[in-house]
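Just below is one structure, and these are the notes that go with it.
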Amino acid sequence: MAPSLIPDDTAGIYQLRIWLKGISPMIWRRLLVESNSTIADLHHTIQIAMGWDDDHLNQFFIRGKSYGVPHIGGIGFSDNAKQVYLSDFQFRLKEKFIYEYNFFDHWEHEIRFEKQLPVDRKKTYPLCIGGKRCVPPEDCGGAWSFMELQDHYSLWSIEDQLIELFEGDEDDDQDEDFINDTLQTLADWLRKYHLFKLNCPEINNELRQYFKEKQEENAIIRGG
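Letter 156 of the sequence shown, counting from 1, is numbered 155 in the numbering used here, and no numbers are missing.
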């Protein structure tokens with residue numbers, strides 16, 4: 000059952016805080032999700048809110064058991080993620096569980112149940128209501144590799160690399176494609192990791208569109 004675009008009066012709202020472990024400064028999001036959301040719904044919500052591409056395997060670890068949305072060729076799970084609801088767990092205040100994405104890079108997200116709220120019929124769920132920083136590039140090698148990349152592309156390092164590009168020896172025969180690629184890489188790091196500001200309305204529009212399309216697909220399947 001996908002989260003309802005028109006809030007379900009029988010559902011409560013769970014406020015969850017998600018942060019990506021092993022990275023400093025912290026990368027995090029705060030979400031509002033309906034209690035009748037499924038594990039599959041939460042997976043897709045996290046992917047969109049964090050900014051991942053959903054190209055890799057995933058799993059949740061909740062009270063010693065794993066749940067997840069299967070991929071072709073990936074691991075299987077004993078429970079159907081579309082039939083396990085968040086309300087089934089009856090989370091305690093401040094209870095934590097883990098969401099892992101990409102079993103090679105091992106991106107571990109700690110999820111904390113902050114509180115339960117009443118449904119606001121003026122809002123559609125799920126919602127991203129806060130957070131900071133952009134997630135690392137896909138397939139960059141994990142938390143340690145990303146921390147090294149952060150050092151390599153610090154503001155000071157970017158400044159040094161720009162100076163080296165534009166004030167090199169006149170005898171240097173630098174390839175134009177190399178210069179353009181380097182400038183593009185530096186610009187991407189500036190934009191994503193130094194000038195990045197979380198855009199909750201944009202994320203929420205993407206969430207709304209995704210779950211609207213899922214509801215339409217499910218309606219077609221049921222009607223077919």
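Idealized CB from N, CA, C, for every residue including glycine.
{"Item": "For R190, is the classification buried or exposed, using 16 other Cβ atoms within 10 angstroms of its Cβ as the cut-off for buried?", "Value": "exposed"}
{"Item": "Need the endpoints of the alpha helix (DSSP H) that G140 sits in, please.", "Value": "That residue, G140, is in no alpha helix (DSSP H); it is neither H nor E in DSSP."}
{"Item": "What residues match up with F96 in a beta bridge as DSSP calls it?", "Value": "I110"}
{"Item": "Who does N57 pair with in a DSSP beta bridge?", "Value": "Y100"}
{"Item": "Start and end of the beta strand (DSSP E) containing S65?", "Value": "K64 to Y66"}
{"Item": "Which of helix, strand or coil does DSSP assign to E166?", "Value": "coil"}
{"Item": "Can you tell me whether A1 is buried or exposed? The criterion is at least 16 other CB atoms within 10 Å of its CB, across all chains shown.", "Value": "Bear in mind that the predicted position of A1 carries a pLDDT of just 49, short of 50, making it too unreliable to give a figure here."}
{"Item": "Contact check, I12 vs L31 under 8 Å by CB: the rounded distance?", "Value": "5 Å"}
{"Item": "Where does the unbroken beta strand (DSSP E) through G222 begin, and where does it stop?", "Value": "Premise fails: G222 lies in the alpha helix (DSSP H), C199 to G222, not in any beta strand (DSSP E)."}
{"Item": "Is R28 buried or exposed, if buried means 16 or more other CB atoms sit within 10 Å of its CB?", "Value": "buried"}
{"Item": "Rounded to a whole number of angstroms, what is the C-alpha to C-alpha distance between R16 and I110?", "Value": "6 Å"}
{"Item": "Comparing C-alpha positions only, which one of Q115, H70, E99 and L116 sits nearest to H108?", "Value": "E99"}
{"Item": "Quick check on DSSP: helix, strand or coil for Y13?", "Value": "strand"}
{"Item": "Please report the Cβ distance between T181 and Q160, rounded to the nearest whole angstrom; I am assuming they are in contact, meaning their Cβ atoms lie under 8 Å.", "Value": "7 Å"}
{"Item": "Measuring alpha carbon to alpha carbon, tell me which residue in D78, E158, F145 and P69 is nearest M25.", "Value": "F145"}
{"Item": "Roughly how many angstroms separate the alpha carbons of I61 and I38, rounded to a whole number?", "Value": "11 Å"}
{"Item": "Would you tell me roughly how many angstroms separate the C-alpha atoms of P135 and T44, rounded to the nearest one?", "Value": "18 Å"}
{"Item": "Consult DSSP for K196 and reduce its assignment to one of helix, strand or coil.", "Value": "coil"}
{"Item": "Only counting the same chain, and skipping five residues up and downstream in sequence, which positions put a Cβ closer than 7 Å to that of H70?", "Value": "L56"}
{"Item": "Check whether the Cβ atoms of D52 and Q46 lie closer than 9 Å to each other.", "Value": "yes"}
{"Item": "Tell me whether W51 sits in a helix, a strand or coil according to DSSP, three-state version.", "Value": "coil"}
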